[in-house]
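Protein chains: 2
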Amino acid sequence: MGRKPTKLKIIPLGGLNEVGKNMTAFEYKDEILVLDCGLSFPEDEMLGIDIVIPDITYLIKNKEKIKGIVLTHGHEDHIGALPYVLKKINVPVYGSRLTLGLVENKLKEHKMNNLHLERIKPGDIIKLGVFSIEFIHTNHSIPDACALAIQTPVGTILHTGDFKIDYTPIDGEMIDLHKFAEIGQKGVLLMMADSTNAERRGSTMSEKSVGVTFENIFRNTKKRIIVATFASNVHRIQQVMEAAHKYNRKIVVSGRSMINVVNVANELGALNVPDDIIIDIDQMDQYEDERIVIITTGSQGEPMAALSRMASSDHRKVEIRQGDLVVFSSTPIPGNEKLVSRVINQLFEKGAEVIYESLADVHVSGHACQEELKLMHRLVKPKYFIPVHGEFKHLKRHAQLAEELGMPKENIFTIQNGTIVELTKDYGKVSGSVPSGRILVDGLGVGDVGNIVLRDRKHLAEDGLMVIVVTISRETGKIIAGPDIISRGFVYVRESEDLMVEAKDVVRNALDSCGQQNVREWSVLKSSIRDALKDFLYEKTKRRPMILPVIMEA
Amino acid sequence: MGRKPTKLKIIPLGGLNEVGKNMTAFEYKDEILVLDCGLSFPEDEMLGIDIVIPDITYLIKNKEKIKGIVLTHGHEDHIGALPYVLKKINVPVYGSRLTLGLVENKLKEHKMNNLHLERIKPGDIIKLGVFSIEFIHTNHSIPDACALAIQTPVGTILHTGDFKIDYTPIDGEMIDLHKFAEIGQKGVLLMMADSTNAERRGSTMSEKSVGVTFENIFRNTKKRIIVATFASNVHRIQQVMEAAHKYNRKIVVSGRSMINVVNVANELGALNVPDDIIIDIDQMDQYEDERIVIITTGSQGEPMAALSRMASSDHRKVEIRQGDLVVFSSTPIPGNEKLVSRVINQLFEKGAEVIYESLADVHVSGHACQEELKLMHRLVKPKYFIPVHGEFKHLKRHAQLAEELGMPKENIFTIQNGTIVELTKDYGKVSGSVPSGRILVDGLGVGDVGNIVLRDRKHLAEDGLMVIVVTISRETGKIIAGPDIISRGFVYVRESEDLMVEAKDVVRNALDSCGQQNVREWSVLKSSIRDALKDFLYEKTKRRPMILPVIMEA
Chain A
1 MGRKPTKLKI
11 IPLGGLNEVG
21 KNMTAFEYKD
31 EILVLDCGLS
41 FPEDEMLGID
51 IVIPDITYLI
61 KNKEKIKGIV
71 LTHGHEDHIG
81 ALPYVLKKIN
91 VPVYGSRLTL
101 GLVENKLKEH
111 KMNNLHLERI
121 KPGDIIKLGV
131 FSIEFIHTNH
141 SIPDACALAI
151 QTPVGTILHT
161 GDFKIDYTPI
171 DGEMIDLHKF
181 AEIGQKGVLL
191 MMADSTNAER
201 RGSTMSEKSV
211 GVTFENIFRN
221 TKKRIIVATF
231 ASNVHRIQQV
241 MEAAHKYNRK
251 IVVSGRSMIN
261 VVNVANELGA
271 LNVPDDIIID
281 IDQMDQYEDE
291 RIVIITTGSQ
301 GEPMAALSRM
311 ASSDHRKVEI
321 RQGDLVVFSS
331 TPIPGNEKLV
341 SRVINQLFEK
351 GAEVIYESLA
361 DVHVSGHACQ
371 EELKLMHRLV
381 KPKYFIPVHG
391 EFKHLKRHAQ
401 LAEELGMPKE
411 NIFTIQNGTI
421 VELTKDYGKV
431 SGSVPSGRIL
441 VDGLGVGDVG
451 NIVLRDRKHL
461 AEDGLMVIVV
471 TISRETGKII
481 AGPDIISRGF
491 VYVRESEDLM
501 VEAKDVVRNA
511 LDSCGQQNVR
521 EWSVLKSSIR
531 DALKDFLYEK
541 TKRRPMILPV
551 IMEA
Chain B
1 MGRKPTKLKI
11 IPLGGLNEVG
21 KNMTAFEYKD
31 EILVLDCGLS
41 FPEDEMLGID
51 IVIPDITYLI
61 KNKEKIKGIV
71 LTHGHEDHIG
81 ALPYVLKKIN
91 VPVYGSRLTL
101 GLVENKLKEH
111 KMNNLHLERI
121 KPGDIIKLGV
131 FSIEFIHTNH
141 SIPDACALAI
151 QTPVGTILHT
161 GDFKIDYTPI
171 DGEMIDLHKF
181 AEIGQKGVLL
191 MMADSTNAER
201 RGSTMSEKSV
211 GVTFENIFRN
221 TKKRIIVATF
231 ASNVHRIQQV
241 MEAAHKYNRK
251 IVVSGRSMIN
261 VVNVANELGA
271 LNVPDDIIID
281 IDQMDQYEDE
291 RIVIITTGSQ
301 GEPMAALSRM
311 ASSDHRKVEI
321 RQGDLVVFSS
331 TPIPGNEKLV
341 SRVINQLFEK
351 GAEVIYESLA
361 DVHVSGHACQ
371 EELKLMHRLV
381 KPKYFIPVHG
391 EFKHLKRHAQ
401 LAEELGMPKE
411 NIFTIQNGTI
421 VELTKDYGKV
431 SGSVPSGRIL
441 VDGLGVGDVG
451 NIVLRDRKHL
461 AEDGLMVIVV
471 TISRETGKII
481 AGPDIISRGF
491 VYVRESEDLM
501 VEAKDVVRNA
511 LDSCGQQNVR
521 EWSVLKSSIR
531 DALKDFLYEK
541 TKRRPMILPV
551 IMEA
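For the protein sequence lines, the chains are A and B, in the order given. For the record, in the first sequence the residue sitting at position 409 is 409 according to the UniProt record's numbering, with numbers rising by one throughout. For the record, in the second sequence the residue sitting at position 2 is 2 according to the UniProt record's numbering, with numbers rising by one throughout.
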């Protein structure tokens, strides 16, 4: 009698239908492997929220099964949730050189020590329970990015991580196409691949092309050069340093995360800093403008980042002036377009020359476009496919691409976070789901800000609030103090005295009504106040501030 | 002895260093002409604000000098502030056919009647005091857009309004290049021109090209077609209707502003609706999918607009399903990218096919790019130039363009709202400024929400609030009720009871301290409570809710 084949379960917990908080669980019998552990940034409606992490209810429930966490690369949407997750599930973490360096930094900031972190390098194979994981070198907008080939008793899973194909990479290390070809030949059961640029035709340009642009810019100007880029884009920083070196300029590194990454990358050998090229920001005025390059944070227009503060005259050490040439070696992440525009305008107003993506080739993407994705699909030749790392439109387009290449529709799973895809050698299907979703982090609180709190913040943000306080005698039930009205974020009180006086009358009348009907139930008193005031205020102002009646008894 | 020449003053009050709230005053001796009267949409930080209008302090101060308001076209950023401004300065308003139709609608909505509105047509010349204004037909993304040639004793001003050059316009009426040539030959003192696309090389494509795309789409599908576009883009709507007519489809118009504009434009003859093509939304299910086109609002992902509600299953009459083809015949206005993306993803998830700008030629801009701007500069040959209608980077680039064409730098004024440019036949210079800025409109309140209210809303939005109420005996100064704590938008109270209990202790201790030092001054009591609680809460939660201590005496 044939035994029922054991199923491999693939359970994405983040990263689908979004760009952010990537995390996937692979489960075979009673062993779980976790791939990536990222955060995402709050949506505009998530007022006051700092970051968003995946809901790991499923992992906590099965914590004794978890063998470890393997990381594809060091971007925040792949490692940012580690400090929170490791507090609940303390398992070994495996990552490449720079990836682990950034993880160590992050855990240090959270004052977390004595965790099991293991560095691996491309070509290494690690065994975690029944899973055998090989790390494969890829190209991305951060060094040391890896794809993972995960061997299981059911078959091999190839997870690309985030990748592009760069035929002329900065560090000379092209994505290991030979390895993908080899693995594809041996047979791959399932591929999970990066869908971010699935809508874009053609191929991503090589990182080297930006270096060419830098050379042209540096060669042709005597101005002080300021380059804003993603701190994690070490290869971009490398090219800035090489252009600076070639044209005899010193480098100032500006911005906390930029300084951190440059240090870590330099120590680990992921960045080759030419000797004596870096000077301290305080030494800058010892040099002419044409001898200086400042590499800085702020490419996304983040108000607190270095470049934004320079642009708004808020930076203690750097003043933007005519004679500055600012390069945004970046692209605005969706949602940040206006912030970036604001900084660009401020820089122009200060007389700087500003170069950005729409004016010159100063940025290339780190994600594969359609031709690169097609190559990956053809090399790997997987039986099943799950598009990952994208909004729905990206996943859908990527699924369509796979279909155009000949994959049967039923072998392609365009799913949501929490879906369980069950695979055996013979079949693949969606077999259910686990709890999934997002946990909001605000200050020290993890998960304690939910819909109600957000809803209240939204209400307060829109129309402010009115607090009505009245003290009632315990014996007689009559008002012995108040009603006092305090408002914030509603109207400018000094100009609205009449409104406040009338509002108090409205409250008194509502309470008198209740008194006449001998109502003493506080909840009823409060709703009477709230209803009366709500109608009054809307009629007078067409605004709906939050109304908080407070009754005290004395 | 020569008399001092009277100066012409040009005073922009809105539209510079922003895209929005366009308004300019022209002043000669004791006469003022106002050009356009627009609103702008609130920035993200302007919580709860509905719209923003120009600060017209200067106009109110000089109201008896104002001869009238002339309008270039019917977009909100050119007419949207009229209901508010006319309440303060009731002067005649002049505009073209559709422009005035939209203004009438708007004033009706604000229940404003008996205002002096006068329709003019291209070629008409009106005399307002010393100003003689000729309306000149242009192409833009709304019909009946005009440039204005304003004759003054000092010389002619040419204001382009918003424009592009369309050699194959939908209504057959190309921008009146002959008139610009003629006026240029006669001599133009000053040109003020649209800078929106000054950074873009080449030319804007003709509106007709979108019609070609529509034909291709309509010809090749049997699906129900839904087209989202700007309600004001009547020529786009015209092309949708013509493609629908050609391929035997009925039209449903959806969304309040879309229905309004289609009605007004149809009545005025700016839109030619094929007979019997429009059906009511309730008749839709009498037809097969391939016989239907829905023209709808929601191209900017506005949550309350029709398409967004269809996408989130919130629309009472239309459900998005497989078999729908949705076209976004638009481009996301900066700031709206994520909103649009969200709707696109929702539509895809419902199984619809979605086409948008990055995938097909379904939209063209309404603003001139560099080649068109150069043509305008060369035809008009002005002596002086003020770039308008753009953020600083756009104005700067446009100024640079004028310089590249040979205009002396000192004749180009890249200025801010409120700046006075003084012109005579012999010189042009910046001669000072007037009050200018923005007025925030929230509900019925105009200008009463200022920095303090916004700052409070921001604080409440970030970390919520805590109200502490305590009643003190008038005689003894001791607490006779409370402290009670009410929080909103801070923590989920049911899970934070310990925190609330400790917080009350902190408050009691602070009050006891004050009691011991015999402090009875309320302001001191309140700051003691606030300081103690602030430190406590930050230590426990790393959050800073607004703290509102309320003391009652009984």
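Note that the Cβ used here is the ideal one computed from N, Cα and C, for glycine as well. Predicted model only: the values in this text are computed from it and were never measured.
> Is any beta-carbon of chain B found at less than 7 Å from that of Gly447/A?
Replying inline: no
>> For a contact defined as C-beta to C-beta under 8 Å, what are the partners of Lys21/A on chain B?
In response: Going along chain B, no residue has its Cβ under 8 Å from Lys21/A, so there is no contact; the nearest lies around 16 Å.
> Taking the Cβ atom as the reference point for each residue, do Leu39/B and Ile51/B lie within a distance shorter than 7 Å?
Replying inline: yes
> Is the beta carbon of Lys223/B less than 7 Å from the beta carbon of Leu325/B?
Replying inline: yes
>> Do Pro143/A and Leu177/A count as a contact pair if the criterion is CB distance below 7 Å?
In response: no
> What residues in its chain sit with their C-beta under 7 Å from that of Val519/B, if we drop five residues either side in the sequence?
Replying inline: Leu525
>> Let's test the definition: count the other Cβ atoms within 10 Å of the Cβ of Arg397/B and tell me whether it reaches 16, buried, or not, exposed.
In response: buried
> Would DSSP call residue 575/A helix, strand or coil?
Replying inline: Only positions 1 to 554 of chain A appear in this structure, which leaves residue 575/A out of reach.
> Out of curiosity, what's the CA-to-CA distance linking Arg219/B and Ile251/B?
Replying inline: 16 Å
> When DSSP labels each residue in this structure, what does Val501/A get in the three-state scheme?
Replying inline: helix
> Roughly how many angstroms separate the alpha carbons of Ser257/B and Ala231/B, rounded to a whole number?
Replying inline: 6 Å
> In angstroms, rounded to a whole number, what distance separates the CA positions of Lys29/B and Gly202/B?
Replying inline: 42 Å
>> In the DSSP output, which residue or residues are listed as bridge partners for Met304/A?
In response: None, per the DSSP bridge assignment.
> If Leu47/A sits next to Leu423/A, beta carbons under 8 Å apart, how far is it from one beta carbon to the other, in whole angstroms?
Replying inline: About 41 Å; that fails the 8 Å criterion.
> Shortest alpha-carbon distance to Pro549/B belongs to which of Ser436/B, Gly482/B and Phe490/B?
Replying inline: Gly482/B
> Between Ile136/A and Val446/A, what straight-line distance do the alpha-carbon atoms span, to the nearest angstrom?
Replying inline: 34 Å
>> Counting only beta-carbon separations shorter than 7 Å, does Ile547/A have a partner in chain B?
In response: no
> Which chain B residues are close to Arg508/A, counting only those with a beta carbon under 8 Å from its beta carbon?
Replying inline: What Arg508/A touches in chain B: nothing, since even the nearest Cβ is about 15 Å away.
> Taking just the CA atoms, how far does Tyr384/B sit from Met1/B?
Replying inline: For Met1/B, the predicted model reports a pLDDT of 47, less than 50, meaning its position is unreliable; a value from the coordinates is still stated below. Going by the C-alpha atoms only, they are around 28 Å apart.
> So what does Asn139/B bridge to, in DSSP terms?
Replying inline: Lys164/B
>> According to DSSP, simplified to helix, strand and coil, what is Ile320/A?
In response: coil
> Starting from Met191/A and walking both ways along the beta strand (DSSP E), at which residues does that stretch end?
Replying inline: Leu190 to Asp194
>> Beta-carbon within less than 8 Å of Arg321/A's beta-carbon, same chain only, minus the 5 sequence neighbours each way: which residues are those?
In response: Lys350, Gly351 and Ala352
> For chain A, is any of its Cβ atoms less than 7 Å away from the one on Asn105/B?
Replying inline: no
> From Lys186/B to Asp194/B, what distance separates their C-alpha atoms?
Replying inline: 22 Å
> Under the rule that 16 or more other beta-carbon atoms within 10 Å means buried, what is Ser513/A, buried or exposed?
Replying inline: exposed
> Are at least three pairs of beta-carbons, each pair with one atom in the region 69-87 of chain B and one in the region 485-495 of chain B, less than 8 Å apart?
Replying inline: no
>> Quick check on Asp463/B: buried or exposed, where buried means 16 or more other Cβ atoms within 10 Å of its Cβ?
In response: buried
>> Just to confirm, is the Cβ distance from Pro382/A to Val261/A under 7 Å?
In response: no
>> Assuming contact is defined by CB atoms lying nearer than 7 Å, are Gly443/B and Arg543/A in contact in what I supplied?
In response: yes
> DSSP beta-bridge partners for Lys222/B?
Replying inline: DSSP, once it has assigned bridges, lists no residue as partnering Lys222/B.
> Would Met1/B count as contacting chain A if we go by Cβ distances under 7 Å?
Replying inline: In this predicted model, Met1/B has a pLDDT of only 47, less than 50, meaning its place in the structure is not dependable; the value taken from the coordinates is given anyway. Cβ-Cβ to chain A under 7 Å: no for Met1/B.
>> Would you say Leu47/A lies against chain D (beta-carbon separation less than 7 Å)?
In response: Absent from the structure: chain D. Protein chains present are A and B.
> DSSP beta-bridge partners for Glu27/A?
Replying inline: Lys9/A and Ile32/A
> If the cut is a Cβ gap below 8 Å, which residues of chain B does Asp44/A touch?
Replying inline: Asp44 and Lys338
> Assuming Ser329/B and Thr168/B make a contact with CB atoms under 8 Å, what is their CB distance in whole Å?
Replying inline: Wrong, their Cβ atoms sit about 18 Å apart, outside the cutoff.
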